[in-house]
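First residue of the sequence shown? That's 455 in my numbering, and the numbers climb one at a time after it. These notes concern the structure reproduced below.
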Amino acid sequence: MKDRLEQLKAKQLTQDDDADEVEIAIDNTAFMDEFFSEIEETRLNIDKISEHVEEAKKLYSIILSAPIPEPKTKDDLEQLMTEIKKRANNVRNKLKSMERHIEEDEVQSSADLRIRKSQHSVLSRKFVEVMTKYNEAQVDFRERSKGRIQRQLEITGRKTTDEELEEMLESGNPAIFTSGIIDSQISKQALSEIEGRHKDIVRLESSIKELHDMFVDIAMLVENQKKIMIMICCVILAIILASTIGGIFA
């Protein structure tokens, strides 16, 4: 851990040296040591979320490939989703806390502030990428589960359009799938899968709704960074223009 923190600090200082072509001394060493410790902890959490997302995608595939998935597989997926939510909330809170402290120190123009902004920006983008992949995996699982339900309904002799199926899913009433189904062994097997897929979708949508506020916060973090970059570019452009005009009339 200590070696990793030293690498982070050394890398950031090298980047700033290359950009400014001056030697930068970090202010408030103790504070920055704590900051880099938080950065490393947050980075490890994001990496762990990324690993969990890949594991969840594998479980989604297993569940979709089996007519009646093993209960343990669904339990494992449930635990993964809970862990992702917990770690994502932790990362979101850390990033927001860092952002508040950066805004409070915005009036200063120091090396450590530039480093903090840079590290916060890198982690925020990485977090957005990981959570976007998670959201895409959830949406893909929902669509493929919906496709399985539609095929099983056809087996029972009931054809539905995408719009009709969405209405059935949104009703939240499993009984709506059983109406008019022929009483045969094949239909009963199909019905069992339909009910299982419907429960999967309901559980998934609950997870997506729980993460909605988090996605909004993440989007705001990135949007704020874009605004800051635009402001910085405008200031630099203004300085260049002022310098150019001054040179012309000198």
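Quick reminder that beta carbons are idealized off the backbone N, C-alpha and C, glycines included. Since this is a predicted model, take the numbers as computed values, not measurements.
The DSSP-derived three-state label of R612 is coil. For the pair of segments examined, the segment 594 to 606 was found to touch the segment 507 to 527: the number of CB pairs separated by less than 8 Å reaches three. The beta carbon of F489 sits closer than 7 Å to the beta carbons of R570 from its chain, once the five residues preceding and following it are set aside; these are given in chain order.
Counting C-beta pairs with one atom in each stretch, the segment 609 to 620 and the segment 579 to 590 have fewer than three that are closer than 8 Å, which means they do not touch. In the three-state scheme derived from DSSP, where H, G and I count as helix and E and B as strand, D530 is classed as helix. For P525, the secondary structure class from DSSP, reduced to helix, strand or coil, is helix. In the three-state reduction of the DSSP assignment, S660 falls in the helix class, which pools H, G and I. In the structure shown, the three-state DSSP call for D559 is coil.
Taking all protein chains shown into account, M674 has fewer than 16 neighbouring C-beta atoms within 10 Å of its C-beta and is therefore exposed.
Here H506 is buried. Its C-beta has 16 or more other C-beta atoms within 10 Å. Rounded to the nearest whole angstrom, the C-alpha separation of S564 and I556 is 11 Å. Nearest neighbour of V545 by Cα position, chosen from R579, L623, E647, I522, turns out to be R579. Per the C-alpha coordinates, the member of R602, A542, S519 positioned closest to K502 is A542. With 16 or more other Cβ atoms inside 10 Å of its own Cβ, T496 counts as buried. Taken atom to atom, the span from the alpha-carbon of P525 to that of E532 is near 11 Å. In this structure, the straight-line span from the alpha carbon of E608 to that of S661 is close to 29 Å.
By the criterion of a C-beta distance shorter than 7 Å, V584 is surrounded in its chain by I500, I503, S504, V507, once the five residues flanking it on both sides are discounted.
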